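Numbering (the working numbering), first residue to last: 9 to 483. Taking it in order: structure first as structure tokens, then the write-up.
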């Protein structure tokens, strides 16, 4: 990768197409010189003294070649412009940075960009602004990937995950882990420097304890990344319950299509059915499964096996209980799901079939259940939008604890995490066997190198190419 950090770069930073406002972003050491060729500030004295982040209003002098005759384009256009100005290393890129906020006309924005390039700028490559932020230490590699995660987020759950990562959630975990291991490495190397002295910087017990704790933390991060890769981009919400509890009917009502076969005959659903659901802020893959039945054989046994597999892969299980049936039949199964620590939301179906209005004092408020309490009627649509909103809220809460990695980060980091975990395992083994500190240090250094690849403390050009080439131009 040819970084060319001394170049002043420019790009359109707003979305393509016509809009009220368009943004052109410029970064590099020559930003001010380039701007002063075309920018006429309303307050010239204030602009001349500007040495901190400020907003300046004025006109942009744009010379354009147009086929419309001499006037009024003979002396160029004067476009109203607001300039966001960050002259110091505290900018996003760690360089002087400006953003031009102009009329959002695509031809005019393109003309301004071409004018900047003729005046000494270079057209920015995809992700180059964020690459400069990374190289300047304004972001680590995890946060840089989160910028793209924010841009590409398909729903509020993905957006929340990306914002958490951008704010440093995983970076703080990785930073604390690396800091402790670096301190441990320093203690071990200091011990080698004073091998002839009666000084012990770290005991074998302390060494083994700290390495084991780091290995455990790394293993947990491995599990988080693995779960993120195994789950689809969209959360998997599985409809579960006894036979004839209204699961298939609920799927059809929520998705607005007759995707699932519905019948009064118990056991109609044999295989699982996955349908995308986008409704009232909920964006998930909704999965219908066979009703739970313990006494099965033949094809029914296969259906139960597939039901169990879908339950295990679910981000959230919606347990459907027929309000017109015996509520007690659900309790052993709910208890089993809670024992397996599966996230469950309990929903009362067929509300139109009962004469007494459902209240939280019914079976759905008992059994130590912390899931959302809801009642729906697929026939008249009662409670469907409310259920979607509550499921979206529950998924958001679940994601904070279980899906901490955005997809591209998990894919890039999984091998490094596994290698770091294994290296720490060898470090702990060497320490436990009482091997020399030289051997312990070799394994510890390897673990730190793999962890450094994750945050970008150690990187290669091909890694940076893979990460930043996925960005659009202007970011």
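C-beta: ideal position from N, C-alpha, C; glycine also. Bear in mind that the values here come from a model prediction, so they are computed numbers and not experimental data.
Quiz prompt | Start-end ranges of the alpha helix (DSSP H) lying completely within the stretch 307-338, minimum 4 residues | solution = For the stretch 307-338, whole alpha helix (DSSP H) runs of length 4 or above, ordered along the chain, are 307-321.
Exercise. Tell me, please, which residues DSSP counts as bridged to residue 86.
Key: 69
Practice problem: Spatial neighbours of residue 192 within its chain, please: CB distance less than 6 Å, with the 5 preceding and 5 following residues excluded, ordered by chain position. | Solution: 218
Quiz item: What do you get for residue 396, buried or exposed, if any count of 16 or more other CB atoms within 10 angstroms of its CB means buried?
Solution: buried
Self-check item: 8 Å Cβ shell around residue 353 - same chain, five flanking residues per side excluded
Solution: 324, 325, 326, 327, 379, 380, 382, 398, 399, 402
Quiz prompt | Counted within 10 angstroms of its Cβ, other Cβ atoms place residue 473 as buried (16 or more) or exposed | solution = Exposed: under 16 other Cβ atoms inside 10 Å.
Practice problem: For my contact list, residue 34 and residue 124 are in at a C-beta cut-off of 8 Å; report their separation, rounded to the angstrom. | Solution: The Cβ separation is near 6 Å, so the contact holds.
Quiz item: Helix, strand or coil: which one does DSSP assign to residue 129?
Solution: Here residue 129 carries a coil assignment [DSSP, helix/strand/coil].
Quiz item: Tell me the DSSP bridge mates of residue 355?
Solution: 328, 382
Quiz item: Counting along the chain, where does the beta strand (DSSP E) carrying residue 290 start and finish?
Solution: 290-296
Self-check item: Bounding residues of the alpha helix (DSSP H) (the contiguous stretch that carries residue 256)
Solution: 255-263
Quiz item: Leaving out five residues before and five after residue 233 in sequence, what residues of the same chain have Cβ atoms less than 7 Å from its Cβ?
Solution: 413, 418, 421, 422, 425
Exercise. Measure the alpha-carbon distance for residue 287 versus residue 394 and round it to whole angstroms.
Key: 10 Å
Quiz item: Considering residue 32, what are the terminal residues of the beta strand (DSSP E) in which it resides?
Solution: Residues 29-35.
Self-check item: Backbone CA spacing between residue 169 and residue 149 [nearest angstrom]
Solution: 16 Å
Exercise. Please list, in chain order, all residues of the same chain as residue 454 whose beta carbon is under 7 Å from its beta carbon, the five residues on each side excluded.
Key: 431
Quiz item: Which whole-angstrom value is the C-beta distance of residue 433 and residue 172, which I expect to be below 8 Å?
Solution: For a cut-off of 8 Å, the C-beta gap from residue 433 to residue 172 is around 29 Å, too long to register as a contact.
Quiz prompt | Between the CA atoms of residue 281 and residue 264 - distance to the nearest angstrom | solution = 15 Å
Self-check item: residue 64 - partner residues in DSSP beta bridges
Solution: 91
Quiz prompt | Bounding residues of the beta strand (DSSP E) (the contiguous stretch that carries residue 286) | solution = 281-287
Quiz item: So what does residue 49 bridge to, in DSSP terms?
Solution: 66
Quiz item: Are residue 140 and residue 96 closer than 7 Å when you measure CB to CB?
Solution: no
Exercise. Have a look at residue 341 and residue 143 and give me their C-alpha separation to the nearest angstrom.
Key: 53 Å
Quiz item: Distance, Cα to Cα, residue 1 vs residue 457?
Solution: One cannot answer for residue 1 here, as it falls past the ends of the chain, which runs 9 to 483.
Practice problem: Flag this pair as yes or no: are the beta carbons of residue 154 and residue 174 separated by less than 7 Å? | Solution: yes
Quiz item: Since residue 249 is in the beta strand (DSSP E), which residue starts that stretch and which ends it?
Solution: 244-249
Quiz prompt | Where the beta strand (DSSP E) containing residue 17 begins and where it ends | solution = 17-20
Quiz item: Where does residue 376 fall in DSSP's three states?
Solution: Caution is warranted here: a pLDDT of 44 is assigned to residue 376, below 50, making its placement in the model unreliable, and the coordinate value is therefore given only provisionally. Here residue 376 sits in coil by DSSP.
Quiz item: How big is the Cα-Cα spacing for residue 493 and residue 296?
Solution: Residue coverage of the chain in this structure runs from 9 to 483, which leaves residue 493 outside it and unanswerable.
Quiz prompt | Terminal residues of the alpha helix (DSSP H) in which residue 481 lies | solution = That residue, residue 481, is in no alpha helix (DSSP H); it is neither H nor E in DSSP.
Quiz item: DSSP on residue 436, reduced to helix/strand/coil?
Solution: In the three-state reduction of the DSSP assignment, residue 436 falls in the helix class, which pools H, G and I.
Exercise. State the beta-bridge partners of residue 106 as determined by DSSP.
Key: 34, 93
Quiz item: Taking Cβ to Cβ, would you say residue 386 is nearer than 7 Å to residue 258?
Solution: Annotated as proximal: residue 386 and residue 258, with beta-carbon spacing under 7 Å.
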